[in-house]
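First to last, the protein sequences are chains H and A. Here the UniProt record's numbering is used: the first residue of the first sequence is 1, the next is one more, and so on. Here the UniProt record's numbering is used: the first residue of the second sequence is 1, the next is one more, and so on. Note that CB positions come from ideal geometry on N, CA and C, so glycine has one too.
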Amino acid sequence: MLPRPTTHSKALGPGVAGPELAVAISAVLDRPPKPVSHLPLSGAQPCAVDPAALCDPRQHTKYPYVTGTSVMAIKYKDGVLVGCDTLGAYGTTKRYKSTQRIYHVNSKCVVAAGGEISDFQYISNLLDELTTDDYRFDDGIELSPQEVHSYLCRVMYNRRNKFDPLWNSLVVGGVQGGQPFLGMVGMIGTHYTDSHVTTGFANQLARPLFRERQRDDMSEEDALQLMYDALKVCYYRDKVSINKFQIAKVTKDDGVSISEPFALDMRWDYKMFAQPTKWAVGAW
Amino acid sequence: MDTTLPSTSTPVSMGTSIIAVTFDGGVILGADSRTTTGNYIANRVTDKITPLCDNVYTLRSGSASDTQAIAGYVQHFIAQHQAEEGDQITVKTAANLVKMMAYNNKDFLQAGLIVAGFDKHGGGQVYSISLGGTMTATPFAMSGSGSTYIHGFCDKYWREKMSEQDAMEFVTRALRYAMTWDASSGGCIRTVTITAAGAKRQFIQGSQIPPTYGELSREQVVA
């Protein structure tokens, strides 16, 4: 069986799980449609109430299984930084400690995800199909980060409308027209662009740091330090995280680079930590 | 999902890794240091090893408030008992008091405790009191959400009458493995060693715990 691009069915929209049977029809007709009330316009089998119910083995993602936690991203002078840890958690089990949650789309864009890892792998596949098409055109034109952001928005919203969401919070980061770009898309299609975006716990923990210290013209050194501090606080206070991070840097001059996993120095050496109940025996 | 706010309606729970082992001359109690409210780490340096009296300590897992309440009551009962007896309480009696609290209030409590200590009659002893109030005496015991990951490890590596050093190595290794797999456990390792000479506390900082498979070592710390 030859592999067919199934994920961009014109009938169903991008990224939608559905039967292969659905056939695309043009909205523009050359003659009035003949009454064929016994045949569904979608091209599925006649007398099928819901084509998706017929032999469609695909499950709806009702709840996530293997998940990634927060992603945080900031703009700075030369581009954007996108950071997250490398944990794929199975409920509260820290199961996979080397998952890469940042996907390198093209030379000016990365997408990072929190939430269900299998859905993120599926989204990476969708983006791969688009970039492969770009490559085949061989005209040097690549998808801009804003285009990737719009596309993912439509995919997520489309799936939400079918009650079959891709259980992810996505961050799209890149550079276009010499300007940094950062956007976020949620699992129900909510989206925004800003100078700093966060998902998951980073919304509560890292955003205050970003509001305080992030500037669009900050230096790379300051931006990295801010990112380290944000990653640290998320590790201190999010139980489903590990001390192993990756930061993706997208700049106008050097394109995309995703760092090797690294650790951060965590402070445990405060004196009061050693014996918090010393002067209050029986306390906690 | 994006909407996981730390909430006041989620109970504060000590998803936990706690372990107690007897060795030749006493007991060692070990615990992690994480208390969580949902996914938020409310306290990353919790002290889960609570003294009931000088020679008996308890490890707490489950609902933080329930275990604190039980420990508080039992501390009071033991103080009373020791005043009346004029002698140090036995570990078994202390454990029985804890069991009494857990069993008689079983509908209202969510508490898994391990009571361990040293007395001159029985030496080092470990008693585990599970959710319904069942008390079991075993040479070693572990409890809490993280304990599930180390049942195999403990079965294989525990030996009778270990030296204090070997027992400490066993406890810290077991906790390390539990903490690396269980998201509800983590932070630092606290231990208390109880012998005829009394109780001795130890604190191993999070950054001093050696990494396990998949984790990074100190050399890979960047900032």
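For residue i, the residue or residues it bridges with in DSSP
i	result
asparagine 106 of chain H	H/Cys109
proline 208 of chain H	Looking at the DSSP assignment, proline 208 of chain H forms no beta bridge with any residue, so it has no partner.
cysteine 53 of chain A	A/Val56
tyrosine 127 of chain A	A/Val115, A/Ala137
aspartate 182 of chain A	H/Thr93
methionine 142 of chain A	A/Ile19
leucine 182 of chain H	H/Gly173
alanine 199 of chain A	A/Ile194
serine 70 of chain H	In the DSSP output, where bridge partners are listed per residue, serine 70 of chain H has none listed.
asparagine 43 of chain A	A/Thr35
threonine 193 of chain H	H/Gly183
serine 61 of chain A	A/Gly112
leucine 29 of chain A	A/Ala20, A/Val192
glycine 114 of chain H	H/Ser169
Selection from the options that minimises the alpha carbon distance to residue i
i	options	result
isoleucine 49 of chain A	A/Met168, A/Asp119, A/Ser61	A/Ser61
serine 130 of chain A	A/Gly122, A/Thr37, A/Phe153, A/Val98	A/Val98
serine 257 of chain H	H/Leu264, H/Val111, H/Lys249	H/Lys249
serine 150 of chain H	H/Gln204, H/Trp279, H/Val233, H/Gly189	H/Gly189
glutamine 75 of chain A	A/Cys154, A/Ile41, A/Leu52, A/Glu215	A/Leu52
glutamine 110 of chain A	A/Gly206, A/Ser207, A/Gly15, A/Gln208	A/Gly15
threonine 199 of chain H	H/Pro180, H/Gly115, H/Tyr270	H/Gly115
leucine 143 of chain H	H/Asn161, H/Val111, H/Ile102, H/Pro64	H/Val111
glycine 183 of chain H	H/Cys153, H/Pro208, H/Tyr157, H/Ile141	H/Cys153
cysteine 234 of chain H	H/Arg213, H/Ala202, H/Asp194, H/Gln100	H/Ala202
alanine 183 of chain A	A/Arg44, A/Phe77, A/Met162	A/Arg44
isoleucine 189 of chain A	A/Trp181, A/Tyr177, A/Phe203	A/Phe203
glycine 214 of chain A	H/Asp85, H/Gln214, H/Asp194, H/Arg159	H/Asp85
Range covered by the alpha helix (DSSP H) that runs through residue i
i	result
serine 150 of chain H	145-161
valine 74 of chain A	64-85
tyrosine 76 of chain H	No alpha helix (DSSP H) holds tyrosine 76 of chain H; DSSP gives it neither H nor E.
serine 118 of chain H	117-137
valine 187 of chain A	With the sequence shown as reference, residue 187 of chain A is identified as glycine, and valine is not the correct amino acid for it. Per DSSP, glycine 187 of chain A belongs to no alpha helix (DSSP H) and is neither H nor E.
lysine 156 of chain A	151-157
Endpoints, beta strand (DSSP E) assigned at residue i
i	result
tyrosine 103 of chain A	Not the beta strand (DSSP E): tyrosine 103 of chain A falls in the alpha helix (DSSP H), residues 91-104.
arginine 95 of chain H	93-96
aspartate 85 of chain H	79-85
histidine 196 of chain H	196-198
histidine 121 of chain A	Where histidine 121 of chain A is concerned, there is no enclosing beta strand (DSSP E), given that its DSSP letter is neither H nor E.
Residue i Cβ short of 6 Å to the ligand ATP heavy atom set
i	result
leucine 87 of chain H	Annotation note on the ligand ATP: not contained in the displayed structure, which lists no ligands.
Min CB distance residue i to chain C below 7 Å
i	result
serine 257 of chain H	In the displayed structure, chain C is absent; the protein chains listed are H and A.
### Query
Is the number of C-beta pairs between the segment 222-230 of chain H and the segment 68-79 of chain H that are closer than 8 Å three or more?
Below 8 Å, enough C-beta pairs join the segment 222-230 of chain H and the segment 68-79 of chain H to call them touching: three or more.
### Query
Which ranges would you report for the beta strand (DSSP E) in the segment 237-277 of chain H if only whole runs of at least 3 residues count?
Taking only runs of at least 3 residues, the beta strand (DSSP E) segments lying wholly in the segment 237-277 of chain H are 245-251, 255-258.
### Task
Decide if the segment 232-242 of chain H is in contact with the segment 82-96 of chain H; the criterion is three or more beta carbon pairs, one per stretch, under 8 Å apart.
Yes, the segment 232-242 of chain H is in contact with the segment 82-96 of chain H.
### Query
At a cut of 8 Å, does the segment 22-33 of chain A reach the segment 190-200 of chain A through at least three beta carbon pairs?
Yes: at least three Cβ pairs fall under 8 Å.
### Task
Kindly confirm or deny that the segment 55-71 of chain A and the segment 88-97 of chain A touch, where touching means at least three C-beta pairs closer than 8 Å.
At 8 Å Cβ cutoff, the stretches touch.
### Message
When you compare the segment 114-128 of chain A with the segment 83-91 of chain A, are there three or more beta-carbon pairs, one atom per stretch, that lie closer than 8 Å?
### Response
Yes: at least three Cβ pairs fall under 8 Å.
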